[in-house]
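Each protein sequence line maps, in turn, to chains A and B.
Counted the way the working numbering counts, the first sequence spans residues 1 to 152.
Counted the way the working numbering counts, the second sequence spans residues 1001 to 1152.
First the structure, in the form of structure tokens, and then the observations on it.
Number of protein chains: 2
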Amino acid sequence: MAADAVVPRLDEQLCFALHAASRAVTGLYRPLLDDLGLTYPQYLVMLSLWEHGDRGVKELGQALCVDSGTLSPLLKRLEKAGLVRRERRGDDERSVRVTLTEEGDRLRAKAVSLPGVVGEAMGLGPAQIDELRTTLHQLTDSVNRYRANLDG
Amino acid sequence: MAADAVVPRLDEQLCFALHAASRAVTGLYRPLLDDLGLTYPQYLVMLSLWEHGDRGVKELGQALCVDSGTLSPLLKRLEKAGLVRRERRGDDERSVRVTLTEEGDRLRAKAVSLPGVVGEAMGLGPAQIDELRTTLHQLTDSVNRYRANLDG
DNA sequence: GGCTATTTAGTTGCGCACAACTTAATCGCT
DNA sequence: AGCGATTAAGTTGTGCGCAACTAAATAGCC
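Put into structure tokens, the structure is as follows:
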């Protein structure tokens, strides 16, 4: 086999396209989220809380695909910022309930404009966006199933 | 407007689908790259070097969309691992040339199998992959143009 | 030639992602 | 009831991403 054909070019690699796109979008959010005093991963946590009002650390971890090693310090920062409260659950002292504070709830109103701005910046039509999201979910599921089989 | 319709659900957000997919794929690469002693971002640098043999730090930064703040320590680790050499360029002492060592070049052969494994795990057909890559490039370009206009 | 502005790498500091580990509570089995 | 296994959250350490800054070399202008 030809040695120079063995490894694909960087910009042909789907993994890099994904990596680059994800970072570009996060970078687009950054200045917008700065106004709310949030980082992008913190914003994802707030989205989940705005949606459900009340979440356990484990639930948040499953929804966002992160473990407690990432979540614990992040939630501590959100708590210090006054957006969130953490309390041990009464019926199971192991688990922790994360709740929105008044201020955390109010922040939702300031986040309203974000999806619109980001959606516009992406420059894709509704059909393209829909298909992209579907394909990405499919890819993520497939990859995660594959990963689960590696150590399972 | 209805308050509960204001901010989309987490799993409807394209940005999160992107974020999750990118991390899933990186996580899939991790155990494979462990065998080569590389992290994923280091692998991207090696891909660029395998492709061009020889790159300036600035060129690498442009190709991978990262600045010297990320690249410098990463290259230092690759150098310490014996995969790469760094030397000031003669004609312009500001810039640094990054070169593959023998060992770095040999590593290419061990990376041959990666794209196949990852491609299979993604569970997408060739047409889907092609379209996904195109859409992602389009999205990245559009977002980065938008970002350039924010501070430009 | 001399001086400022720009360019290029590198450093520092913070937050996230993740692996490996710790601590504490609960579960489940006998 | 007692006790080992499991589960939940948190801690520690490493590497990446990025902003802000520094140091040194070159470019460009007078």
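Even for Gly, the Cβ is constructed at its ideal location relative to N, Cα and C.
| Check | Outcome |
| --- | --- |
| B:L1032 beta carbon less than 8 Å from that of B:E1117 | Glu is not the amino acid found at residue 1117 of chain B; the sequence shown has Val there. Cβ atoms of B:V1117 and B:L1032: closer than 8 Å. |
| Bridge-paired residues (DSSP) for A:R55 | A:V98 |
| Short CB-CB distance (under 8 Å) between A:L83 and chain B | no |
| For B:E1087, three-class secondary structure by DSSP | strand |
| Nearest to B:P1073 (by Cα), restricted to the options B:P1041, B:L1049, B:Q1062 | B:P1041 |
| Reference A:L28, options A:E120, A:D67, A:G53, A:V98, closest by Cα | A:E120 |
| Proximal chain A residues relative to B:Q1062, where beta-carbon distance stays under 7 Å | Going along chain A, no residue has its Cβ under 7 Å from B:Q1062, so there is no contact; the nearest lies around 11 Å. |
| A:D35 in three-state terms, based on DSSP | coil |
| DSSP-derived helix/strand/coil call for A:V112 | coil |
| Residue nearest to B:V1007 in terms of C-alpha spacing, selected from A:L136, A:G125, A:K80, A:A109 | A:A109 |
| Chain A residues whose Cβ lies nearer than 7 Å to that of B:E1051 | R9, L10 |
| First through last residue of the alpha helix (DSSP H) which encompasses A:R77 | 68-80 |
| Close beta carbons around B:E1103, own chain, < 8 Å, minus the five adjacent residues each side | G1082, L1083 |
| Secondary structure of B:L1124, DSSP reduced to three states | coil |
| Close Cβ partners of A:W50 (< 6 Å) along its chain, the five nearest in sequence each way excluded | R108 |
| C-alpha distance - B:V1126 paired with A:L14, whole-angstrom precision | According to the sequence provided, residue 1126 of chain B is Pro. The question's Val does not apply to it. Between B:P1126 and A:L14, the C-alpha separation is close to 11 Å. |
| Proximal chain A residues relative to B:R1086, where beta-carbon distance stays under 8 Å | Here the premise fails: no neighbours, minimum Cβ distance about 20 Å. |
| Close-in-space but distant-in-sequence residues of the same chain around B:Q1026 (CB under 8 Å, 5 per side omitted) | For the sequence presented, residue 1026 of chain B should be read as Thr rather than Gln. Closer than 8 Å at Cβ, skipping near neighbours: Y1040. |
| Supposed close pair A:S22, B:G1123 - CB separation, criterion 8 Å | No, A:S22 and B:G1123 are not in contact; Cβ-Cβ is about 19 Å, not under 8 Å. |
| Coil, strand or helix - B:D1092 by DSSP | coil |
| Whole-number beta carbon distance between A:G69 and A:S95, since they are thought to touch under 8 Å | Rounded, the Cβ-Cβ distance is 16 Å, inconsistent with contact. |
| Close beta carbons around A:L78, own chain, < 7 Å, minus the five adjacent residues each side | Q42, V45, V84 |
| Secondary structure of B:C1065, DSSP reduced to three states | coil |
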